[in-house]
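Engineer: Just so you know, the sequences run in chain order A and B. Mapping the first sequence onto our numbering, position 325 (from 1) lands on 325, and the numbers just tick up by one. Mapping the second sequence onto our numbering, position 28 (from 1) lands on 378, and the numbers just tick up by one. By construction, the Cβ of each residue, glycine as well, lies at the ideal position given by its N, Cα and C atoms.
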Amino acid sequence: MKKVISLFLCLTCALLPLLTFSSCSVDAPEKFKAYYFDYFDTATTIVGYAKNQQEFDAVCEIIKGELEFYHKQYTIYNSYDGINNICALNKTVNGAHKELRVDKCIIDLLLFCKQLYTQTDGQLNVAMGSVLSIWHSYRNEGMDDPAKAQLPPMDRLKDASLHTDIEKIIIDEEKQTVFISDPNVKLDVGAVAKGYAVERVVQTLIGEGITGYVLNVGGNVRTIGSGNGTPWQVGIENPDTDSEQAYIELLQLEDKSLVTSGNYQRFYVVDGKNYHHIIDPETLMPGEKFLSVSVITTDSGYADGLSTTLFLKDFRDGMELIEATEDTEAMWVFPDGTRKYSSGFKAFCQ
Amino acid sequence: MENNRSSQKRKLKNDIVLAVVIVVIAMAGLLLFNFLKTPGDFVSVKIDGVEKYRYSLSENVDTVIYTGKDNKQENRIVIKDGKASVVSATCPDKICVGHREISMVNESIVCLPHKVVVEIVSADSGAKEPDLVV
Chain A
1 MKKVISLFLC
11 LTCALLPLLT
21 FSSCSVDAPE
31 KFKAYYFDYF
41 DTATTIVGYA
51 KNQQEFDAVC
61 EIIKGELEFY
71 HKQYTIYNSY
81 DGINNICALN
91 KTVNGAHKEL
101 RVDKCIIDLL
111 LFCKQLYTQT
121 DGQLNVAMGS
131 VLSIWHSYRN
141 EGMDDPAKAQ
151 LPPMDRLKDA
161 SLHTDIEKII
171 IDEEKQTVFI
181 SDPNVKLDVG
191 AVAKGYAVER
201 VVQTLIGEGI
211 TGYVLNVGGN
221 VRTIGSGNGT
231 PWQVGIENPD
241 TDSEQAYIEL
251 LQLEDKSLVT
261 SGNYQRFYVV
271 DGKNYHHIID
281 PETLMPGEKF
291 LSVSVITTDS
301 GYADGLSTTL
311 FLKDFRDGME
321 LIEATEDTEA
331 MWVFPDGTRK
341 YSSGFKAFCQ
Chain B
351 MENNRSSQKR
361 KLKNDIVLAV
371 VIVVIAMAGL
381 LLFNFLKTPG
391 DFVSVKIDGV
401 EKYRYSLSEN
411 VDTVIYTGKD
421 NKQENRIVIK
431 DGKASVVSAT
441 CPDKICVGHR
451 EISMVNESIV
461 CLPHKVVVEI
471 VSADSGAKEP
481 DLVV
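1. Tell me, to the nearest whole angstrom, how far the beta carbon of A:Thr298 is from that of A:Lys256; I am working on the premise that it is less than 8 angstroms.
2. Start and end of the alpha helix (DSSP H) containing A:Gly129?
3. Look up A:Phe290 in the DSSP assignment and say whether it is helix, strand or coil.
4. Tell me, to the nearest whole angstrom, how far the beta carbon of A:Thr164 is from that of A:Ser130; I am working on the premise that it is less than 8 angstroms.
5. Mark A:Tyr77 as exposed unless 16 or more other C-beta atoms lie within 10 angstroms of its C-beta, in which case mark it buried.
6. What are the residues of the segment 208 to 240 of chain A that lie near chain C, defined by any Cβ-Cβ distance shorter than 8 angstroms?
7. Consider the Cβ of A:Thr75: report whether some Cβ of chain B lies at a distance smaller than 8 angstroms.
8. A:Leu205: buried (16+ other C-beta within 10 angstroms of its C-beta) or exposed?
9. Can you grab the Cα-Cα spacing for the pair A:Leu100 / A:Tyr80, in whole Å?
10. Name, please, each residue of chain B whose Cβ falls closer than 9 angstroms to the Cβ of A:Thr298.
11. Listing by chain order, which chain A residues have their CB less than 7 angstroms from the CB of B:Gly399?
12. With a CB to CB cut of under 7 angstroms and the five nearest residues on each side skipped, what residues in its chain are close to A:Lys51?
13. Hey, which unbroken runs of the beta strand (DSSP E) at 3 residues or more fall wholly within the segment 370 to 431 of chain B?
14. Could you check what DSSP says for A:Gln73 in three-state terms: helix, strand or coil?
15. Near A:Gln53, which residues of its chain fall below 8 angstroms by C-beta distance, leaving aside the five closest residues on each side in sequence?
16. What residues in the segment 435 to 452 of chain B bring their beta carbon closer than 8 angstroms to a beta carbon of chain A?
17. Please name the residue, chosen from A:Leu151, A:Thr118, A:Arg316, A:Pro146, that lies closest to A:Ser133 on a Cα-to-Cα basis.
18. Got a sec? Which residues, its chain only, sit under 8 angstroms from A:Leu377 by beta carbon, not counting five neighbours each side?
19. Of all the CB atoms in chain B, is at least one closer than 8 angstroms to the CB of A:Asp144?
20. Given that a residue counts as buried once 16 or more other Cβ atoms are within 10 Å of its Cβ, and exposed if not, what is B:Ile397?
21. In whole angstroms, give me the CA-to-CA distance for B:Ser472 and B:Ser408.
22. Hey, does B:Leu381 have any beta-carbon neighbour from chain A nearer than 8 angstroms?
23. Can you tell me the Cα-Cα spacing of A:Glu323 and A:Leu162, whole angstroms?
24. Identify the residues that DSSP records as bridge partners of A:His97: which are they?
25. Out of A:Leu157, A:Asn263, A:Met128, A:Ser261, point me to the one whose CA is closest to A:Val189's CA.
26. Evaluate A:Gly209 with the Cβ neighbour count: other Cβ atoms within 10 Å of its Cβ, from every protein chain shown; 16 or more gives buried, anything less gives exposed.
27. Please decide whether B:Glu457 counts as near chain A, where near means a Cβ-Cβ distance under 8 angstroms.
28. Quick check on DSSP: helix, strand or coil for B:Arg360?
29. Is the separation between the beta-carbon of A:Leu109 and that of A:Tyr74 shorter than 8 angstroms?
30. Determine the burial state of A:Asn90: buried for a count of at least 16 other Cβ atoms within 10 Å of its Cβ, exposed for fewer.
31. Quick check on DSSP: helix, strand or coil for A:Glu320?
32. Is there a C-beta anywhere in chain A that falls below 8 angstroms from the one on B:Lys430?
33. Should A:Phe334 go down as buried or exposed, given a rule of 16 or more other Cβ atoms within 10 Å for buried?
34. Helix, strand or coil: which one does DSSP assign to A:Ser22?
35. Taking C-beta to C-beta, are A:Thr241 and B:Gly448 nearer than 8 angstroms?
36. Considering only the alpha carbon of each residue, which of A:Ile278, A:Gln265, A:Leu215 lies closest to A:Val59?
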């Protein structure tokens, strides 16, 4: 009997380490990470499980190619030879926009934006370019020379706001052309394009049968499948940067997008006060209702647009919108740090 | 005879108790070992996506990372008390300087203009940590 017991003991001691290191088996996919800095004026992180570095690199090459393509199509800041992109649509010649034949992806994006405009009662308006460009230049000057940082004059903003009618953006699906009929109306697709592009990239990957990846394009997170059999763990950063707590929620995501709109990243300082980049179409000033709003839904473009919208909408209206929309959850962080959730949000929390 | 058998039985019982105790201690030890493992082990500094420097999160570091043409772009990185932060930088937006101190695995500070990423990485990737913090 003694022998049996000692044998059992020996076996247990021998097997225990195996138990803990079983995750190191040879065939198990490994986790890889890559970083890019050249797309959508933000940092891109790719996390994925692959058999080896080569397999991961091959997937990253697809993602890079796609991101570069959409970046060039959707940017409002740069024009490229041979591409009629959003920046080209915004240009005027002899005081008028030109009707341009564009890639199908621009038609699709703008139709999506018009649909969002209707759905958000005009809160998400990509025809706000004339207002946003004023903020953009004051913010850039303020960051370059903080001592001379200034707010844009309200009368300039008000003048610009007279030219934000989305109906002036005329899309001809058949001819595949876009024309802006008011020379002072400008497109700014910043609230939607990044997320919309990420969703298209992901659809390409899914079409290739790729799964087990997360794309994070400047906080625009889209998960494809799970992380090696378990849901992806995504922390939402604490908007209170002085707090010890790194993240306020840890979410488990599978085939879902998460986008957070917050006031704590892109901003400049005038007279000791922070002015961030999400501008309310009604006040023409940065929205001040929340520190951040996070949205979970499948489609990344939708998540991107909705998080901006909710950041500007009254809490009640925002909640109403979310509860009336399927497969969509949100979390609001109020200036005092209080958090409120839509009915299904907590199901994603740990 | 009877006596002998009962003493053998007692021995057997003791042996089983001993076996169980040893197994329980071993299990508890392993659990404790896993539990006490520090959450963030290293600070990885990547330039344009490639790791250039790696520091232990437990050491004290105060260093300047130079990047760009003629190495004129600077990010000063400080590691202290198990936390890493960018305390100053020559980038235009200063988002990296405004970022909180990081200490948990997979937390990162990004300086977009300089293409610098400061990230906490674990020696053991099996740890139950977020895949991303955004």
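Structural biologist: Considering the structure as presented:
1. 6 angstroms
2. 129 to 144
3. Correct three-state label for A:Phe290: coil.
4. In this structure A:Thr164 is in contact with A:Ser130, their Cβ atoms being roughly 7 angstroms apart against a cut-off of 8 angstroms.
5. Taking every protein chain shown into account, the CB of A:Tyr77 has fewer than 16 other CB atoms within 10 angstroms, so this residue is exposed.
6. Considering every chain present, this structure includes no chain C. Its protein chains are A and B.
7. With 8 angstroms as the cut-off, A:Thr75 does not count as an interface residue toward chain B.
8. With 16 or more other Cβ atoms within 10 Å, it is buried.
9. 14 angstroms
10. Simply none; closest approach about 17 angstroms.
11. Ala34, Tyr35, Tyr36
12. Contacts found: Pro29.
13. 392 to 397, 400 to 406, 411 to 417, 423 to 430
14. helix
15. A distance below 8 angstroms between beta-carbons, with the five flanking residues on each side excluded, links A:Gln53 to the following residues of its chain, in chain order: Phe32.
16. Hits within the stretch, in order: Pro442, Asp443, Lys444, Ile445, Gly448, His449, Arg450, Ile452.
17. A:Ser133 has its Cα closest to that of A:Leu151, out of A:Leu151, A:Thr118, A:Arg316, A:Pro146.
18. As displayed, chain A neither begins before 1 nor continues past 350, which places residue 377 of chain A out of reach and without an answer.
19. yes
20. Flag for B:Ile397 reads buried.
21. 12 angstroms
22. no
23. Separation of A:Glu323 and A:Leu162 (C-alpha to C-alpha, rounded to the nearest whole angstrom) is 33 angstroms.
24. In DSSP, A:His97 forms a bridge with A:Thr92.
25. A:Met128
26. exposed
27. yes
28. In the structure shown, B:Arg360 adopts helical secondary structure according to DSSP, grouped into three states.
29. yes
30. buried
31. helix
32. no
33. exposed
34. Any reading at A:Ser22 needs caution, since the residue's pLDDT is 46, under 50, leaving its predicted position unreliable; the model's value is listed next. Here A:Ser22 sits in helix by DSSP.
35. yes
36. That would be A:Leu215, whose Cα lies nearest to the Cα of A:Val59.
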